[in-house]
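A.B. asks: According to the UniProt record's numbering, the sequence shown is numbered sequentially starting from 1.
From the three backbone atoms N, C-alpha and C, an ideal C-beta is built for every residue, glycine too.
Dropping a structure here in structure tokens format, bear with me for questions.
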Amino acid sequence: AADGLRYDYKAYTECKGHPEPALYNGGILRWAKKIKDFRTADEGNYSPSFVLYNMSAGMAYSFSCWVKFNGPGTIHVKAKILSLDNAGSQCLGTALVRNDCWSFLKGGFTLNSPSQTSVLYFQAATANASMVSIRSASLQPFSPEQWSQHREDRIQLIRKRFVNVHVSDISGGRVVGAKVAVRQMSRDFPFGSAISKTILGNKPYQDWFRKRFNAAVFENELKWYATEPAPGKEDYALADQLLQFVQSSDAVARGHNIFWEDPKYTPWWVKNLTSADQLRAAVAGRIESLLSRYKGDFVHWDVSNEMLHFDFYESRLGRNATTDFFRTAKRADPLATLFLNDFNVVEVCDDLSSSADSYVSRLRQLADAGVTFEGIGLEAHFGKPNIPYVRAVLDKLGTLRLPIWLTEVDISNALDPKTQAAYLEEVLREGFAHPSVDGIMLWTAMDASAACYQMCLTDGNFTNLPAGDVVDRLLGEWQTREVLGATNDRGSFNFSAFLGEYKLSVTYLNSSAEGTFSLARSDDTKHITIRLQP
Numbered sequence: 001a002a003d004g005l006r007y008d009y010k011a012y013t014e015c016k017g018h019p020e021p022a023l024y025n026g027g028i029l030r031w032a033k034k035i036k037d038f039r040t041a042d043e044g045n046y047s048p049s050f051v052l053y054n055m056s057a058g059m060a061y062s063f064s065c066w067v068k069f070n071g072p073g074t075i076h077v078k079a080k081i082l083s084l085d086n087a088g089s090q091c092l093g094t095a096l097v098r099n100d101c102w103s104f105l106k107g108g109f110t111l112n113s114p115s116q117t118s119v120l121y122f123q124a125a126t127a128n129a130s131m132v133s134i135r136s137a138s139l140q141p142f143s144p145e146q147w148s149q150h151r152e153d154r155i156q157l158i159r160k161r162f163v164n165v166h167v168s169d170i171s172g173g174r175v176v177g178a179k180v181a182v183r184q185m186s187r188d189f190p191f192g193s194a195i196s197k198t199i200l201g202n203k204p205y206q207d208w209f210r211k212r213f214n215a216a217v218f219e220n221e222l223k224w225y226a227t228e229p230a231p232g233k234e235d236y237a238l239a240d241q242l243l244q245f246v247q248s249s250d251a252v253a254r255g256h257n258i259f260w261e262d263p264k265y266t267p268w269w270v271k272n273l274t275s276a277d278q279l280r281a282a283v284a285g286r287i288e289s290l291l292s293r294y295k296g297d298f299v300h301w302d303v304s305n306e307m308l309h310f311d312f313y314e315s316r317l318g319r320n321a322t323t324d325f326f327r328t329a330k331r332a333d334p335l336a337t338l339f340l341n342d343f344n345v346v347e348v349c350d351d352l353s354s355s356a357d358s359y360v361s362r363l364r365q366l367a368d369a370g371v372t373f374e375g376i377g378l379e380a381h382f383g384k385p386n387i388p389y390v391r392a393v394l395d396k397l398g399t400l401r402l403p404i405w406l407t408e409v410d411i412s413n414a415l416d417p418k419t420q421a422a423y424l425e426e427v428l429r430e431g432f433a434h435p436s437v438d439g440i441m442l443w444t445a446m447d448a449s450a451a452c453y454q455m456c457l458t459d460g461n462f463t464n465l466p467a468g469d470v471v472d473r474l475l476g477e478w479q480t481r482e483v484l485g486a487t488n489d490r491g492s493f494n495f496s497a498f499l500g501e502y503k504l505s506v507t508y509l510n511s512s513a514e515g516t517f518s519l520a521r522s523d524d525t526k527h528i529t530i531r532l533q534p
């Protein structure tokens, strides 16, 4: 980082017998180490609290601590920040806490305006704990420049790789001064958008998509209510055509979704099934029909959509229903990566149904039942993003070492287009820079009236809106344009390039050579040996 202070990505999701040392040696809470126990006061809040002075607007504050409580079972504990200047409070982090071990709480916040006096306090989601114990509390501020530099440093480390091209003549001797040209042919990082039937037969829309994206997800066309609107009346025509378009565009497709736990989006006829046996037969038919048709075509399947918030199938078929869905899907399409997918995990701090710890707990419940998990889907439908909190949640989920995708990124249309674009840029930069994020999908499918769910990238004539300008700028920034150079006195040419597929050409006098190479994620330098042919 600019002044040597680096962000600490360390996080923990296991409950420990002893707390780990404070990050940043406590940061500006070094003096607070002596505060250990916080007792219930009113409205579920705990006292005492950390009183903070002269907090700055625009700074990114990273908070962490270890928490334990003295009651039965498990509870969610929130850390919150209250500015006494304007009486506004915000949630900055949560942890699912037990009485027999220490849980790690990590979060963060920014303030909209400076605060002379702020209070950092803890709040229980339930009233069955009279005391929480806090250890290793840390609050570390970062300037906007530091935060941005952390992202750039991480992008250099995880999204790029050093390359060393060694050029020799036909007898193996070093060639000094050979001209080297390198051009990126494709990107390694999946960056895509939702599409809908509107793109079918619409060449301007198709050209616009192909120029930008290497991944796609269908907005509605694979959902059960679309493919089987009435019992036994299957219709995959639109999904087939969309898949053909994606494959012809050399893009990958995410399968969204097999089951949606929200009853509002469950087919009417499925909701009307009167017995568990009828429902069980219907879901078995859904998996068999969908995955036998598209086996090998989709890189991911969102098997259970929004299961942290809803439980339509488990409430009718029992707690093993989701386990059965995953097992059956894995047998039917073994090469696809199977995902859970949910909202409000990174978007907000107050939704305890989908806190990072709630997500981890659900994953572990299913793993204990025999499900092999492969992917974590985070919808990422944002209002105003709390970027330090987003990073903290990604840190915690990243400890599971599973692929994490931001699956449905957009910014609320309650905001004006320029603000949407500014917030979108922050979210995309944060996602691309995080070592645990393996792909990003925008939820920007356009309908026949040129409208989108919350955020469009272009108007109906495919002229960029502010959000589209952000996407184009970042796509340009995150690719390696043509690299030109010459070999040094050791016959080598060195450069750094974004991960992906490349074409290489080398010329010297009347000799030349061409080749291709790929850059995958690695800490090692990629060495390429080229022998010139006369």
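#1: Is any non-hydrogen atom of the ligand SAH found closer than 8 Å to the C-beta of residue 339, if you look at the structure I gave you?
#2: Just to confirm the assignment, what range does the alpha helix (DSSP H) spanning residue 152 have?
#3: Taking the beta carbon of residue 157 as the centre, do at least 16 other beta carbons fall within 10 Å, making it buried, or is it exposed?
#4: Please give me, in chain order, every unbroken run of the beta strand (DSSP E) with length at least 3 that falls completely inside the segment 482-524.
#5: Could you tell me which residues DSSP pairs with residue 440 in its beta bridges?
#6: Going by DSSP, what residue range makes up the beta strand (DSSP E) through residue 388?
#7: Would you mind giving the Cβ-Cβ distance between residue 498 and residue 39, rounded to the nearest angstrom? I have them listed as a contact below 8 Å.
#8: How would you call residue 348, buried or exposed, if buried means at least 16 neighbouring beta carbons within 10 angstroms?
#9: So does the segment 243-263 actually touch the segment 298-311, counting three or more Cβ pairs closer than 8 Å?
#10: How many angstroms separate the CA atom of residue 104 from the CA atom of residue 230?
#11: Is residue 342 helix, strand or coil when you go by DSSP?
#12: Could you check whether the segment 479-491 touches the segment 453-471, counting it as contact only if at least three pairs of C-beta atoms, one from each stretch, sit closer than 8 Å?
#13: Give the single residue among 408, 184, 284 and 222 whose Cα lies nearest to the Cα of residue 197.
#14: Starting from the C-beta of residue 236, find all residues in its chain whose C-beta is less than 8 Å away, skip the five residues before and the five after it, and write them out in chain order.
#15: Just tell me which of 243, 336, 429 and 180 has its CA closest to the CA of residue 303.
#16: For the beta strand (DSSP E) containing residue 176, name the first residue and the last one.
#17: Let me know if residue 272 comes out buried or exposed under the rule of 16 or more other beta-carbons within 10 Å of its beta-carbon.
#18: Taking C-alpha atoms, which residue in 431, 116 and 253 lies nearest to residue 398?
#19: Give me the DSSP bridge partner(s) of residue 281.
#20: Among all the DSSP beta bridges, which residues are the ones paired with residue 538?
#21: With H, G and I counted as helix, E and B as strand and the rest as coil, what does DSSP make of residue 14?
#22: Taking 9 Å as the CB-CB cut-off, is residue 469 touching chain D?
#23: Answer yes or no: do residue 506 and residue 165 have a C-beta to C-beta separation smaller than 9 Å?
#24: What residue range does the beta strand (DSSP E) around residue 358 cover?
#25: With contact counted as at least three CB pairs below 8 Å, one residue from each stretch, are the segment 134-154 and the segment 17-26 in contact?
#26: Are the beta-carbon atoms belonging to residue 405 and residue 254 less than 9 Å from one another?
#27: Using the Cβ count rule (16 or more neighbours within 10 Å means buried), how would you classify residue 333?
#28: Which word fits residue 509, buried or exposed, when buried means at least 16 other C-beta atoms lie within 10 angstroms of its C-beta?
#29: Quick check: residue 148 and residue 55, are their CB atoms within less than 9 Å of each other?
#30: By the three-class DSSP mapping on this structure, what secondary structure does residue 554 have?
#31: Alpha carbon to alpha carbon, how far is residue 321 from residue 9? Give it in angstroms, no decimals.
#32: Do the CB positions of residue 448 and residue 193 come within less than 9 Å of each other?
#33: Classify residue 302 as helix, strand or coil using the three-state DSSP reduction.
C.D. replies: According to the structure data:
#1: The ligand SAH is not part of this structure, which contains no ligands at all.
#2: Unbroken alpha helix (DSSP H) run through residue 152: 144-158.
#3: So residue 157 counts as exposed.
#4: Within the segment 482-524, the complete beta strand (DSSP E) runs of at least 3 residues are 483-486, 492-498, 500-508 and 511-519.
#5: Residue 440 is bridged to 191 and 406.
#6: That residue, residue 388, is in no beta strand (DSSP E); its alpha helix (DSSP H) goes 387-398.
#7: About 53 Å separates the two Cβ atoms, so there is no contact after all.
#8: Flag for residue 348 reads buried.
#9: Yes, since at least three Cβ pairs between the segment 243-263 and the segment 298-311 fall closer than 8 Å, the two stretches touch.
#10: Whole-angstrom Cα-Cα distance: 48 Å.
#11: Three-state DSSP puts residue 342 in a strand.
#12: Short answer: they don't touch.
#13: That would be 222, whose Cα lies nearest to the Cα of residue 197.
#14: 227 and 293.
#15: Nearest neighbour of residue 303 by Cα position, chosen from 243, 336, 429 and 180, turns out to be 336.
#16: Element bounds for residue 176: n/a, residue is neither H nor E.
#17: Counting Cβ neighbours within 10 Å, residue 272 comes out exposed, since fewer than 16 surround it.
#18: Per the Cα distances, 431.
#19: Note: residue 281 sits in no beta bridge, so no partner.
#20: The requested residue 538 does not occur in the structure, where the chain is confined to residues 1 to 534.
#21: Of the three classes helix, strand and coil, the one that applies to residue 14 here is coil, per DSSP.
#22: Protein chains in the displayed structure number just one, and chain D is not present.
#23: It is a contact, given that the beta carbons lie within the stated cut-off.
#24: Taken as a continuous stretch (DSSP letters only), residue 358 belongs to no beta strand (DSSP E), being part of the alpha helix (DSSP H) at 356-368.
#25: With contact defined as three or more Cβ pairs closer than 8 Å, the segment 134-154 and the segment 17-26 are in contact.
#26: In this structure, residue 254 lies closer than 9 Å to residue 405 by Cβ.
#27: Result: buried.
#28: By the 10 Å Cβ count, residue 509 comes out exposed.
#29: No.
#30: Past the boundaries of the shown model lies residue 554; the chain is included only from 1 to 534, so the question cannot be answered.
#31: Taking the straight line from one Cα to the other gives about 35 Å.
#32: Residue 193 is positioned such that its CB atom lies no closer than 9 Å to that of residue 448.
#33: Correct three-state label for residue 302: strand.
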